[in-house]
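Counting from 1 along the sequence shown, just add 132 to a position and that's the residue number in this note's numbering.
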Amino acid sequence: MNKTELIEKIAANAEISKAAAKKALDATTEAIKEALAAGDKVQLVGFGTFATTERPAHEGINPRSKEKIKIAAKKVAKFKAGAELADAVNK
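Written out as structure tokens, the structure is:
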């Protein structure tokens, strides 16, 4: 499912226009991005939790030249599915 299909599904399920559904989806994703950028966790009970975690610096290998390279530390976004979502997926 792509973003357009998701917007259509939201509009149909909530009985709102596609424009309103797009605004709602965009506002939701923006709020999640802002919270994660600020280091906050976003928990949607029954659905899941969005959080950030630190990935430490480490050594890697350039597959083309086989040289060792240093990979910098960075933050990454993580999602952990909630119980209701996990149950729905496993039906």
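We treat Cβ as the ideally placed atom computed from N, Cα and C, and that holds for glycine.
#### Entry: For A215 and G180, the rounded distance between their alpha carbons
Pairing G180 with A215, the inter-Cα distance amounts to about 8 Å.
### Task
Alpha carbon to alpha carbon, how far is V208 from I148? Give it in angstroms, no decimals.
Rounded to the nearest angstrom, the two C-alpha atoms are 34 Å apart.
### Message
Is it buried or exposed, T153, if we count other Cβ atoms within 10 angstroms and call 16 or more buried?
### Response
A small correction: the amino acid at residue 153 is Ala; Thr does not occupy that position in the sequence shown. Taking all protein chains shown into account, A153 has 16 or more neighbouring C-beta atoms within 10 Å of its C-beta and is therefore buried.
### Message
If distances are taken between C-alpha atoms only, which option among K202, Q175 and S197 comes closest to A213?
### Response
Minimum Cα-Cα distance from A213 among the listed residues K202, Q175 and S197 corresponds to Q175.
### Task
Could you check if I139 is buried or exposed, using at least 16 other CB atoms within 10 Å of its CB as the buried criterion?
Burial check for I139: the Cβ neighbour count within 10 Å reaches 16 or more, so the residue is buried.
### Query
Which partner residues does L168 have in the DSSP bridge list?
None; L168 has no bridge partner.
### Query
Residues bridged to F182 by DSSP?
Answer is V174 and F211.
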